[in-house]
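S.K.:
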Amino acid sequence: MTAIDPRPSVIADRLSGVKRVIAVTGWKGGIGKSVTASTLALLLARRGFRTGLFDLDFAGASDHLVLGAKGLFPKEEKGLEPPVLEGVSFMSVVFFSENKAVPLRGANVSDAIIELLAITRWGELDFLVLDMPPGINDAALDVMRFARGAEVLAVTTPSVLAHDVLERSLELYRKLKVPVLGVVENMSAGRHGTADAAIRTDPALEKALGRPEALLKTAFAGDLARAAGKLGIIG
Ligand SMILES: Nc1ncnc2c1ncn2[C@@H]1O[C@H](COP(=O)(O)OP(=O)(O)O)[C@@H](O)[C@H]1O
Ligand SMILES: [Mg+2]
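Numbering (this note's numbering), first residue to last: 38 to 272.
(1) Quick check on DSSP: helix, strand or coil for Arg-51?
(2) Do the CB positions of Thr-88 and Asp-163 come within less than 8 Å of each other?
(3) May I ask which residues mark the beginning and end of the alpha helix (DSSP H) holding Gly-219?
(4) Let me check you understand the geometry: is the CB of Asp-50 closer than 7 Å to at least one non-hydrogen atom of ligand 1?
(5) According to the Cβ coordinates, are Asp-168 and Asp-94 closer than 8 Å?
(6) Would you mind working out which of Ile-151, Thr-157 and Gly-63 sits nearest Ala-199, comparing C-alpha positions?
(7) Given Ala-155, which residues of its chain have a CB within under 7 Å of its CB, disregarding the five upstream and five downstream residues?
(8) Helix or strand or just coil, what does DSSP make of Ser-71?
(9) Asp-100 and Ala-74 look like a contact to me (Cβ under 8 Å); what is the Cβ gap, rounded to whole Å?
(10) Out of Leu-165, Leu-102 and Lys-254, point me to the one whose CA is closest to Gly-186's CA.
(11) Decide yes or no for the touch test of the stretch 117 to 125 against the stretch 187 to 194: beta carbon pairs closer than 8 Å, at least 3 of them.
(12) Any contact between the stretch 198 to 217 and the stretch 237 to 251? By contact I mean 3 or more CB pairs, one from each, below 8 Å.
(13) What is the residue span of the alpha helix (DSSP H) that Leu-246 lies within?
(14) For Gly-97, which of Ala-106, Val-121 and Val-130 has the nearest alpha-carbon?
(15) Since Phe-257 is in the alpha helix (DSSP H), which residue starts that stretch and which ends it?
(16) Just the C-alpha distance for Gly-54 and Arg-158, rounded to the nearest angstrom, thanks.
(17) Let's test the definition: count the other Cβ atoms within 10 Å of the Cβ of Ala-226 and tell me whether it reaches 16, buried, or not, exposed.
(18) For a test of the three-state rule: what should DSSP assign to Ser-147, helix, strand or coil?
(19) Helix, strand or coil for Ser-196, going by three-state DSSP, please let me know.
(20) Name, in chain order, the residues that DSSP records as bridge partners for Ala-191.
(21) Determine the direct distance from the alpha carbon of Gly-69 to that of Ala-176, and round the result to whole angstroms.
(22) Helix, strand or coil for Ile-236 per DSSP?
(23) By how many angstroms is the C-alpha of Val-221 removed from the C-alpha of Ile-236?
(24) If you count every other CB in all the chains shown that lies within 10 Å of the CB of Leu-213, and 16 or more means buried, which is it?
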């Protein structure tokens with residue numbers, strides 16, 4: 038007898054009250070996925086949307102630092118209920134790694150992520166923003182496979198290398214029939230080449246990290262809001 042994997046249906050059930058899942062992805066670390074995912078969640082919550090944010094980057098979870106989440110922890114109740122911060126239901130792999138580097142690789146990372154997707158209770162949400170592990174590896178592909186209907190928001194940088202990798206990952210998403218909302222060129226000098234929208238380098242961003250109110254007032258947040266409008270995330 039073949040064992041049937043119950044996790045896809047459990048996860049589908051957990052996400053059944055979520056209208057849109059936006060997966061913020063990018064080719065590597067340090068390109069702005071986390072500031073983009075976290076600030077997007079704050080912008081959506083501020084506009085009155087019921088919003089969740091899930092930091093799935095085991096190698097470098099940092100949304101809790103961007104949001105200034107301290108002393109928060111999910112509540113255990115028929116699964117895990119995410120704590121709410123600035124109107125954003127927030128879940129992170131960091132809650133389970135206590136800021137230590139997580140010695141997980143490959144399949145284990147995938148398994149841990151899938152497990153978390155299977156136990157987290159999001160309830161009713163308009164948006165769930167996923168801060169994805171960098172690149173298109175097994176973990177990233179599993180998330181896309183399990184969080185059915187997720188739409189990709191790709192973050193890139195002006196580098197030639199970035200564009201090359203981006204093209205290949207977009208090709209893969211097309212093959213997998215994962216909808217791509219668009220490509221945002223971050224730390225852009227203003228022009229955004231083949232990308233759909235640009236976010237400029239904002240020297241004031243670093244100082245606003247950890248302070249949602251200040252973060253929302255940055256030029257970075259302004260550019261991101263415009264990009265989100267252009268890509269049909271917010272009207
Ligand atoms: N548009 C920008 N302007 C200025 N600094 C930025 C910008 N985008 C990202 N950064 C900075 O770059 C660093 C890496 O960003 P992060 O979101 O952690 O990247 P990733 O999640 O892709 O690893 C952070 O310190 C962040 O504040
Ligand atoms: Mg990150």
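Ideal Cβ placement from N, Cα and C applies to all residues, glycine included. Computed from a predicted structure; not experimentally measured.
M.R.: Working from what's here:
(1) As a position in the sequence shown, residue 51 is number 14, starting the count at 1. Arg-51 falls in the helix class under three-state DSSP.
(2) By one-based count along the sequence shown, residue 88 stands at place 51. By one-based count along the sequence shown, residue 163 stands at place 126. Result yes, Cβ atoms of Thr-88 and Asp-163 sit closer than 8 Å.
(3) For this step, residue 219 is matched to residue 182 along the sequence shown. Boundaries for Gly-219: no alpha helix (DSSP H) harbours it, while the beta strand (DSSP E) harbouring it runs 217 to 225, taken from the DSSP string.
(4) The count along the sequence shown starts at 1 and reaches residue 50 at position 13. Ligand 1 never approaches Asp-50 closely enough for any of its heavy atoms to be under 7 Å from the residue's Cβ.
(5) Against the sequence shown, residue 168 aligns to sequence position 131. Against the sequence shown, residue 94 aligns to sequence position 57. Contact check for Asp-168 against Asp-94 passes: the beta carbons are separated by less than 8 Å.
(6) Residue numbering aside, residue 199 sits at position 162 when the sequence shown is read from its first letter. The closest CA to that of Ala-199, considering only Ile-151, Thr-157 and Gly-63, is found on Gly-63.
(7) Within the sequence shown, numbered from 1, the residue matching residue 155 stands at position 118. Excluding positions up to five away in sequence, the list reads Arg-44, Val-47, Ile-48 and Arg-51.
(8) Looking up residue 71 in the sequence shown gives position 34. Helix, per DSSP.
(9) Within the sequence shown, the letter at position 63 stands for residue 100. Within the sequence shown, the letter at position 37 stands for residue 74. A Cβ-Cβ distance of about 6 Å is found for the pair Asp-100 and Ala-74, placing them in contact under the 8 Å criterion.
(10) Numbered from its first residue, the sequence shown carries residue 186 at position 149. That would be Leu-165, whose Cα lies nearest to the Cα of Gly-186.
(11) Fewer than three Cβ pairs drawn from the stretch 117 to 125 and the stretch 187 to 194 lie within less than 8 Å of each other, which leaves the two stretches out of contact.
(12) Under the 8 Å Cβ criterion, the stretch 198 to 217 does not count as touching the stretch 237 to 251, having fewer than three qualifying pairs.
(13) Within the sequence shown, residue 246 is the residue found at index 209, counting from 1. Run containing Leu-246: none; DSSP gives neither H nor E here.
(14) As a first step, residue 97 is located in the sequence shown; it is residue number 60 there, counting from the start. Ranking the options by Cα distance to Gly-97, first place goes to Val-130.
(15) Taking the sequence shown and counting its residues from 1, the one referred to as residue 257 is at position 220. Note, Phe-257: alpha helix (DSSP H), 256 to 267.
(16) Along the sequence shown, one-based indexing puts residue 54 at 17. Along the sequence shown, one-based indexing puts residue 158 at 121. Going by C-alpha positions, Gly-54 is about 10 Å away from Arg-158.
(17) On the sequence shown, residue 226 is found 189 positions in, with the first residue counted as 1. Around the beta carbon of Ala-226, a 10 Å sphere encloses fewer than 16 other beta carbons of the protein chains shown; the residue is thus reported as exposed.
(18) The residue given as residue 147 occupies position 110 in the sequence shown. Note: Ser-147 maps to helix in three-state DSSP.
(19) For this step, residue 196 is matched to residue 159 along the sequence shown. Here Ser-196 sits in coil by DSSP.
(20) Taking the first residue of the sequence shown as position 1, residue 191 is located at position 154. Paired residues: Thr-62 and Val-220.
(21) Position 139 of the sequence shown, counting from 1, holds the residue named residue 176. Position 32 of the sequence shown, counting from 1, holds the residue named residue 69. Between the alpha carbons of Ala-176 and Gly-69 lies a gap of roughly 19 Å.
(22) The residue labelled residue 236 in the question sits at position 199 within the sequence shown. When secondary structure is reduced to three states using DSSP, Ile-236 falls in the strand class.
(23) Start at 1 with the first residue of the sequence shown, and residue 236 comes out as number 199. Start at 1 with the first residue of the sequence shown, and residue 221 comes out as number 184. Each residue's Cα considered, the two are about 7 Å apart.
(24) One-based indexing of the sequence shown puts residue 213 at position 176. Label assigned to Leu-213: exposed.
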